[in-house]
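Asker: In our numbering, the protein residues as written are 13 to 303.
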Amino acid sequence: MSNRDASSLGKNTLIFYGAGSMAEAILRGLVEASLTSPNNITVMNRSNADRLLELERQYGVVPATTEDLKKSALTSADVIILGMKPKDSANAIKALQPLLRPEQLIVSVIAGLSISTIHQLLGREQPVVRTMPNTSSTIGLGATGISFSASVSASQREFALAMFNAVGLTAVVDEPLIEAVNGVSGSGPAYVYYLMEAMINAGVQLGLTPEAAKDLTVQTVRGAAEMVFTTGENPGELRRKVTSPNGTTQAAIETLDHYSFQEGMNKAIVRCADRAREMGDAIRAEAVDSK
Ligand SMILES: NC(=O)C1=CN([C@@H]2O[C@H](COP(=O)(O)OP(=O)(O)OC[C@H]3O[C@@H](n4cnc5c(N)ncnc54)[C@H](OP(=O)(O)O)[C@@H]3O)[C@@H](O)[C@H]2O)C=CC1
Ligand SMILES: O=C(O)[C@@H]1CCC=N1
Numbered sequence: 013m014s015n016r017d018a019s020s021l022g023k024n025t026l027i028f029y030g031a032g033s034m035a036e037a038i039l040r041g042l043v044e045a046s047l048t049s050p051n052n053i054t055v056m057n058r059s060n061a062d063r064l065l066e067l068e069r070q071y072g073v074v075p076a077t078t079e080d081l082k083k084s085a086l087t088s089a090d091v092i093i094l095g096m097k098p099k100d101s102a103n104a105i106k107a108l109q110p111l112l113r114p115e116q117l118i119v120s121v122i123a124g125l126s127i128s129t130i131h132q133l134l135g136r137e138q139p140v141v142r143t144m145p146n147t148s149s150t151i152g153l154g155a156t157g158i159s160f161s162a163s164v165s166a167s168q169r170e171f172a173l174a175m176f177n178a179v180g181l182t183a184v185v186d187e188p189l190i191e192a193v194n195g196v197s198g199s200g201p202a203y204v205y206y207l208m209e210a211m212i213n214a215g216v217q218l219g220l221t222p223e224a225a226k227d228l229t230v231q232t233v234r235g236a237a238e239m240v241f242t243t244g245e246n247p248g249e250l251r252r253k254v255t256s257p258n259g260t261t262q263a264a265i266e267t268l269d270h271y272s273f274q275e276g277m278n279k280a281i282v283r284c285a286d287r288a289r290e291m292g293d294a295i296r297a298e299a300v301d302s303k
């Protein structure tokens, strides 16, 4: 793997094996940050060729639309990014078995799928980077948890970090904590969007136009995240500064407490991490069954 410039992805070739929303979020970030030439990125999926042609049109990446093109791109790529749904992953990874060279790097974004299951499905200890990104990578504001298998080389490690740093923030964690990352930031954008939906709906209920309710909500969430980021203050401290004694915010927070908001969020995130483990167990069972 080329290691001449750790801040870019060099001449390494990448294939997105599964080119759906998460793959697009990452590749768009890489292309728009000029981290690599779009010619170095191949996209493939199972059957939706139109989708690949659309990605080519938008980002200039290379579509692998025939079985021959798919095979040769998988065989030659320096890095293979597993971007299919968990339920499709066991078969897709098994199909790689006869194609892989020992030095090819596997990067997985698949929820629940452990490094050991990938090794089991491949029948060998290929270098694997297990990640949990999120869709905000699309605009360079992603948050990605990363862990490495023992055989990942120093240059492969740098490559993976450069790749995900190009599309946001990275946190290297021990592999068992990837499910916690899934609970907090992998699925996290959905919780924030859900909160925003509720805020917009309530604004409309109180008489605002849908446009005004949306604009005010978006700016509020943006501003609140930016306040935490820029000031370095804890969310709790910033919340207290908004909350005048016996004022309007206190009344709102008490209502959230009445409906167990904190407990609900806690249970949701713990359940999300558990669900990732369940999905991982199901893939592991497929790997064992196929032995
Ligand atoms: N969406 C998110 O916010 C996040 C998702 N993830 C993970 O990313 C992964 C992908 O999710 P997402 O992008 O939402 O899914 P999508 O359904 O958008 O995309 C999945 C892609 O995988 C392709 N695919 C399925 N089977 C195969 C196969 N055998 N060979 C080649 N390609 C295949 C599909 O092709 P076709 O359409 O032709 O069937 C499709 O292009 C999941 O494992 C998820 O856990 C991780 C973090 C965040
Ligand atoms: O919902 C899911 O399973 C995926 C994983 C993280 C975000 N979306």
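Just so it is clear, CB atoms sit at the ideal spot from N, CA and C, and this is done for glycine as well.
In the DSSP output, what is Val184 paired with across the bridge?
Answerer: Paired residue(s): Ile158.
Asker: When the Cα atoms are used, what is the spatial distance from Thr54 to Gly95?
Answerer: Each residue's alpha carbon lies about 13 Å from the other.
Asker: Does any heavy atom of ligand 2 sit closer than 8 Å to the C-beta of Ser199?
Answerer: Yes, ligand 2 has a heavy atom inside 8 Å of this Cβ.
Asker: Excluding the 5 residues preceding and the 5 following Thr229 in the sequence, name in chain order all residues of the same chain whose CB lies nearer than 6 Å to its CB.
Answerer: So the qualifying residues of the chain are Met208, Met211, Ile212.
Asker: Determine the DSSP secondary structure at Leu125, reduced to helix, strand or coil.
Answerer: Three-state result, Leu125: coil.
Asker: Roughly how far, in whole angstroms, is the beta-carbon of Leu133 from the beta-carbon of Ala236, given that I think they are within contact range, below 8 Å?
Answerer: With 8 Å as the limit, Leu133 and Ala236 do not qualify as a contact, their Cβ atoms being about 42 Å apart.
Asker: Would you mind reading off the limits of the alpha helix (DSSP H) that contains Met175?
Answerer: Note, Met175: alpha helix (DSSP H), 166 to 177.
Asker: Give every residue of the same chain whose Cβ lies closer than 7 Å to the Cβ of Ala85, excluding the five residues on either side of it in the sequence, and list them in chain order.
Answerer: Within the same chain, Ala85 has close Cβ partners Ile27, Thr54, Met56, Ala76.
Asker: Going by beta-carbon coordinates alone, are Phe171 and Leu65 separated by less than 9 Å?
Answerer: No, Cβ-Cβ distance for Phe171 and Leu65 is not below 9 Å.
Asker: Applying the 10 Å Cβ sphere with the 16-neighbour rule, what's the burial state of Ala263?
Answerer: When all chains shown are included, Ala263 counts as exposed.
Asker: Would Lys106 and Ile122 be called neighbours here (beta carbons separated by less than 9 Å)?
Answerer: Contact flag unset, no.
Asker: So does the segment 161 to 181 actually touch the segment 31 to 51, counting three or more Cβ pairs closer than 8 Å?
Answerer: Touching, per the Cβ criterion.
Asker: Can you have a look at Ala214 and say buried or exposed, based on whether 16 or more other CB atoms are within 10 angstroms of its CB?
Answerer: Ala214 is exposed by the Cβ-count criterion.
Asker: Compute the distance between the beta-carbons of Val184 and Ile158, then report whether it is under 9 Å.
Answerer: Yes, Cβ-Cβ distance for Val184 and Ile158 is below 9 Å.
Asker: DSSP on Pro75, reduced to helix/strand/coil?
Answerer: If DSSP states are grouped into helix, strand and coil, Pro75 belongs with the strands.
Asker: For Arg58, which of helix, strand or coil comes out of DSSP?
Answerer: Coil, per DSSP.
Asker: With DSSP as the reference, label Ser148 as helix, strand or coil.
Answerer: Reduced to three states, the DSSP call for Ser148 is helix.
Asker: Whole angstroms are fine: how far does the CA of Val119 sit from the CA of Phe273?
Answerer: If you take the alpha carbons of Phe273 and Val119, they lie about 36 Å apart.
Asker: Per DSSP, Ser29 forms a beta bridge with which residues?
Answerer: In the sequence as displayed, the identity of residue 29 is Tyr instead of Ser. According to DSSP, Tyr29 bridges with Met56, Leu94.
Asker: Check whether the Cβ atoms of Ser126 and Glu79 sit closer than 9 Å, and answer yes or no.
Answerer: Cβ distance not < 9 Å, so Ser126 and Glu79 don't count as in contact.
Asker: Can you tell which of Ala285, Thr143, Gly198 has its C-alpha closest to the C-alpha of Leu173?
Answerer: The shortest Cα separation from Leu173 among Ala285, Thr143, Gly198 belongs to Thr143.
Asker: On a Cα-Cα basis, can you pick out the residue from Gln116, Ser149, Thr242 that is closest to Glu169?
Answerer: The sequence given here places Arg at residue 169; Glu does not occur at that position. It is Gln116 whose Cα lies nearest to the Cα of Arg169.
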